[in-house]
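With the working numbering applied, the sequence shown covers 11 to 316.
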Amino acid sequence: MMSPDPQTDVVTGAFSYSGAAIARELLAAGHQVRTLTGHPGHAPAGSPIEALPLDFADADALRRGMEGAHTLYNTYWVRFPHGDVTHATGVSNSRILFEAAARAGVKRIVHVSITHADPASPYPYFRGKAEVERHLKATGVPYAIARPAILFGGDGVLLNNIAWLLRRLPVFAVGGRGDYRVRPIHVDDLARLCAGLGARDDSVTLDAVGPDSLAFLDMVTAIRTATGSHAVVVPAPGWLIPPLSGILGAALRDVLLTREEYQAMAAGLADSDAPSTGQTSLTDWIAAHGDALGRGYASELSRHYR
């Protein structure tokens with residue numbers, strides 16, 4: 011008796027961060043993986059992943075790229091406006107992608123969103139994410155929405171760059187009292203969650219969060235301890251954090267932290283009271299990886315635009 015062909019899935023950005031983790035999880039499960047990527051020429055030599063362009067100007071090509079696939083795993087989004095690319099661009103492109111998936115006959119869509127996505131949010135990022143979720147639901151394709159707040163692990167940017175700054179600056183400023191809480195999830199835990207959601211047949215929305223919820227100040231302090239940093243961590247008025255980040259970003263030719271990201275975090279939107287969907291403890295992970303954290307700087311603009 012012939013064995014059935016392995017399931018084919020499509021992952022957006024399978025050579026980037028969360029998309030790469032999801033692709034690894036699917037390959038380990040014996041699935042065939044295609045990727046739709048803005049950098050199809052960057053496929054590693056010998057990769058088993060078929061790379062196709064993520065070209066939102068060619069909806070028919072997007073459809074063809076997803077034909078025969080069972081599940082689309084979508085990690086595409088615009089973190090911050092850059093040039094003529096805005097959150098509205100991300101919303102419009104996501105709608106094009108979802109509609110192409112529906113026309114291609116994709117059986118299921120697993121979408122990575124954000125905690126507290128809300129069409130009434132004062133923050134364009136969170137409003138845009140809510141609009142993307144609305145477009146997804148309108149396709150009629152069974153879906154799963156995973157809502158992480160902050161990711162860590164692997165070659166993640168946020169914790170690494172906090173560590174990089176702590177290694178190099180004599181003073182590290184934290185907005186306000188730093189008592190606003192964060193609930194990160196390890197990128198591999200997110201990947202396992204998404205793969206599991208892809209195997210279901212119901213439509214579901216859930217927060218993707220790890221077991222630790224801790225104050226931002228406590229997270230910075232844990233990174234300082236683990237890296238052996240001697241930087242003095244000091245409170246600063248909240249309004250001062252975005253311009254300070256802007257000055258550092260200009261020096262590094264990057265975007266460290268946007269005003270909206272800081273304000274949303276300070277408002278508690280990086281936390282969740284949902285049950286844990288990840289197993290990796292943030293504090294344990296920081297302690298175990300302190301020697302490697304922050305040894306090099308991770309540029310968001312270089313990863314996505316250069």
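Yeah, the Cβ is synthetic: ideal placement off N, Cα and C, and Gly gets one too.
Tell me whether residue i is buried or exposed, calling it buried when 16 or more other Cβ atoms sit within 10 Å of its Cβ.
i	result
T5	Because the chain is modelled from 11 through 316, residue 5 falls outside the range shown and cannot be assessed.
I257	exposed
H52	exposed
D70	exposed
W87	buried
A183	buried
A201	buried
S312	exposed
V72	In the sequence under discussion, the amino acid at residue 72 is Leu, which differs from the Val named in the question. L72 should be labelled buried.
A38	exposed
L179	exposed
D199	buried
W174	buried
Considering only the alpha carbon of each residue, which of the options lies closest to residue i?
i	options	result
G163	G304, H41 and P252	G304
V167	S104, Y307, Q42 and A24	Y307
V101	R73, D70, V192 and K139	K139
I172	A38, G300 and D19	G300
A284	D222, A297 and A55	D222
E324	V20, D68 and A246	No statement about residue 324 is possible, as the shown extent of the chain runs from 11 to 316 and does not include it.
G75	T18, G248, L203 and A260	T18
F90	F136, P14, E143 and I106	F136
G110	T96, S131, V151 and H92	Looking at the sequence itself, residue 110 is Ala, so the reference to Gly does not match. Considering only alpha carbons, the answer is V151.
T237	I296, P54 and A55	I296
D68	I106, L207 and Y27	I106
H92	H126, S286 and T268	T268
A322	L216, W249 and G248	What is shown of the chain runs 11 to 316, which leaves residue 322 out entirely.
Near residue i, what residues of its chain come up, given a Cβ to Cβ distance below 6 Å and the 5 sequence neighbours on each side ignored?
i	result
I251	G185 and Y272
I195	P158, A218, V219, G220 and G288
S239	L176 and R177
T149	F108 and A112
Y153	I119, L146 and S213
N103	F66
F226	G188, Y190 and V192
A274	Y133
P63	P50
D228	none
D94	none
S131	R137
If I'm right that residue i touches residue j with Cβ under 8 Å, what's the distance once you round it to whole angstroms?
i	j	result
V122	A156	5 Å
I29	T85	It should be pointed out that residue 29 corresponds to Gly in this sequence rather than to Ile. Contact flag correct, Cβ pair sits at about 4 Å.
E270	P134	7 Å
L36	A205	6 Å
A241	V181	6 Å
L169	I233	6 Å
Between which residues of its own chain and residue i is the CB-CB distance below 7 Å, once the five residues before and five after are set aside?
i	result
T231	V243
A24	A30, A33, V43, T45, T47 and I59
E141	V101 and P129
G40	P16
L266	N171, S255, L258 and G259
D264	S309, E310 and L311
M11	Since pLDDT at M11 reaches only 47, below the 50 mark, its modelled position is unreliable, and no value is offered.
S282	T125, A159, R193, D217 and V219
A55	none
Just to confirm my understanding: we take residue i, look at its own chain, exclude 5 residues before and 5 after, and list those with CB closer than 8 Å. What are they?
i	result
R144	P129
S286	V219, G220 and P221
T22	G29, T45, L46, T47, L64, L82, Y83, N84, T85, Y86 and L107
L262	Y307 and S309
Please tell me whether, using a cut-off of 6 Å, the distance from the CB of residue i to the nearest non-hydrogen atom of the ligand NAP is below it.
i	result
I257	Absent from the structure shown: the ligand NAP. Ligands present: none.
**Message:** Using a Cβ distance threshold of 8 Å, determine whether the region 281-295 contacts the region 161-181, with at least three qualifying pairs required.
**Reply:** Segments in contact, yes.
**Request:** Mind the definition here: the region 41-60 touches the region 273-281 only if three or more C-beta pairs lie below 8 Å; say whether that holds.
**Result:** Three or more beta-carbon pairs separated by less than 8 Å are not found between the region 41-60 and the region 273-281, which leaves the two stretches without contact.
**Three-pair Cβ contact test at 8 Å for the region 75-92 versus the region 112-119** = Touching, per the Cβ criterion.
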